[in-house]
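Numbering (my numbering), first residue to last: 27 to 196.
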Amino acid sequence: MSAILKLLFALLLALSALQQLLHHQTWWFIQNVNLIFHEAGHLIFGIFGSFIGLIGGSLMEILVPTIATIHFYLQRHYASAAFGVWWLSTACLSVSIYASDAQERLLPLLGGDAVLHDWFHILLQLNLLQHDDLVGYFFWLAGILCVGLLVFCINKDTDVRTLFHRNTLS
Numbered sequence: 027m028s029a030i031l032k033l034l035f036a037l038l039l040a041l042s043a044l045q046q047l048l049h050h051q052t053w054w055f056i057q058n059v060n061l062i063f064h065e066a067g068h069l070i071f072g073i074f075g076s077f078i079g080l081i082g083g084s085l086m087e088i089l090v091p092t093i094a095t096i097h098f099y100l101q102r103h104y105a106s107a108a109f110g111v112w113w114l115s116t117a118c119l120s121v122s123i124y125a126s127d128a129q130e131r132l133l134p135l136l137g138g139d140a141v142l143h144d145w146f147h148i149l150l151q152l153n154l155l156q157h158d159d160l161v162g163y164f165f166w167l168a169g170i171l172c173v174g175l176l177v178f179c180i181n182k183d184t185d186v187r188t189l190f191h192r193n194t195l196s
């Protein structure tokens with residue numbers, strides 16, 4: 027992929043991440059991907075007990091894009107790492123929205139009213155339910171920081187650096 031395409035790709039990723047974060051709305055297609063990993067996290071981490079199983083949903087939702095990002099970064103595939111960081115920003119936003127809803131419990135949940143609201147029970151057990159908005163804000167802020175990491179990753183790309191170096195010498 028050429029340097030200009032990589033830059034355009036990164037710009038679109040950064041703009042879409044900011045748009046989603048600032049409007050507190052995730053795109054349905056990435057939300058569904060995140061949801062698959064969230065639900066899998068309950069099953070995987072549930073073997074360690076019910077509380078860890080509750081945390082496991084959001085943990086897995088954030089862990090999978092983090093691992094993908096680290097993998098691409100270590101392989102020096104920086105444009106792919108930028109995509110991974112974008113994906114991570116959407117996961118942070120999803121967790122932010124979910125955690126902030128702990129007291130109100132207004133979000134429609136997969137399985138309807140019969141299922142537990144993870145963050146209600148997590149924060150209730152930690153005696154932090156009254157701070158659900160603060161917890162949500164922490165995850166939202168992590169999503170914002172991901173936009174900075176996205177810029178960092180694309181700046182590490184050799185093609186992009188060469189493009190900037192060549193243009194500054196002209």
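Where a beta carbon is used, it is the ideal one built from N, C-alpha and C, also for glycine.
Between the alpha carbons of residue i and residue j, how many angstroms are there, rounded?
i    : j    : result
G162 : H50  : 11 Å
G138 : F190 : 52 Å
Q151 : L80  : 11 Å
H143 : N58  : 18 Å
L44  : I62  : 23 Å
L33  : A117 : 23 Å
S126 : I70  : 24 Å
Q156 : H103 : 42 Å
V173 : G110 : 11 Å
I73  : Q101 : 32 Å
I56  : L160 : 24 Å
So, is residue i buried or exposed, given that buried needs 16 or more other C-beta atoms within 10 angstroms?
i    : result
T184 : exposed
T218 : Only positions 27 to 196 of the chain appear in this structure, which leaves residue 218 out of reach.
G82  : buried
V141 : exposed
N60  : buried
I96  : exposed
Taking residue i and residue j to be in contact with their CB atoms under 8 Å, please state how far apart those CB atoms are, rounded to whole angstroms.
i    : j    : result
Y124 : S84  : 7 Å
W145 : A128 : 4 Å
V186 : A40  : In fact, because the Cβ distance is near 13 Å, the residues do not count as touching under 8 Å.
I88  : L114 : 7 Å
W166 : L119 : 7 Å
Does the beta-carbon distance from residue i to residue j come in below 8 Å?
i    : j    : result
I180 : A108 : yes
L171 : D158 : no
A168 : A105 : no
E65  : L154 : no
For a cutoff of 8 Å on Cβ pairs, would you count residue i as touching chain E?
i    : result
L133 : Absent from the structure: chain E. Only one protein chain is present.
Where do the N-terminal and C-terminal ends of the alpha helix (DSSP H) with residue i fall, by residue?
i    : result
V141 : V141 -> no alpha helix (DSSP H), and no H or E assigned at all.
W113 : Y104 to S126
N181 : D158 to K182
I73  : Unbroken run through I73: none, as it is neither H nor E.
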